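Asker: Residue numbers (our numbering): 12 to 112.
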Amino acid sequence: MNIEIDEYIKNLKEGEKKLISQDNYRILLINHNGKIYAIDAFCSHEDESLQDGFVDDGCIECPKHGAKFDLSSGMVKALPAVKPIKTYNIIYENDKCYVSV
12 MNIEIDEYIK NLKEGEKKLI SQDNYRILLI NHNGKIYAID AFCSHEDESL
62 QDGFVDDGCI ECPKHGAKFD LSSGMVKALP AVKPIKTYNI IYENDKCYVS
112 V
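(1) Where does I16 sit, in a helix, a strand or coil, going by DSSP?
(2) Please name the residue, chosen from C54, D17, N35, G45, that lies closest to A92 on a Cα-to-Cα basis.
(3) G85 to G77, Cα distance in whole Å?
(4) Buried or exposed for G64, please, with buried defined as at least 16 other CB atoms from any protein chain shown within 10 angstroms of its CB.
(5) Taking the continuous beta strand (DSSP E) assigned at A49, which residues delimit it?
(6) Restricting to Cα atoms, I'd like to know which of C108, V112, N44, Y19 is closest to C70.
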C-alpha cells in the first residue's frame, strides 16, 4: 500500500518534520540535507514521539532518553534503545510522491 505525501512535503523545509497518520500508520517525514526520509514516528524504547527529536548527521535523537536512530536504515546508533525503528521507502511515480507501507 502507498500513502500519497505530495501535500506534506511540498513546503517541508530543510530541518523540518511532519507527522502523518493514516490507516494506523504514524510516520514522521523529515527533510534532512535535502533528502526526504520517512520513519516510524515513535521511539522503539518507550514509544516516545520522535517529532521533537534533534536531527543531525543522518540520525534522529529521541527527546526523552537520547536514543539515536539512523534515518536511512532505522538502526540504533545510541542506547537506551536496542530495537531499530521502521523506515519507509519513498516512491516517485507519475509526478506524485508516496510512502510505501
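Don't be surprised by glycine CBs; every beta carbon is placed ideally from N, CA and C. Quantities reported herein were computed from a predicted structural model and do not represent experimental measurements.
Answerer: This is what the structure gives:
(1) If DSSP states are grouped into helix, strand and coil, I16 belongs with coil.
(2) Of the candidates C54, D17, N35, G45, the one whose C-alpha sits nearest the C-alpha of A92 is C54.
(3) Put simply, the backbone Cα of G85 is about 15 Å away from that of G77.
(4) Buried is the call here.
(5) Boundaries of the beta strand (DSSP E) around A49: 46–51.
(6) Just measuring C-alpha positions, the residue of C108, V112, N44, Y19 sitting nearest C70 is N44.
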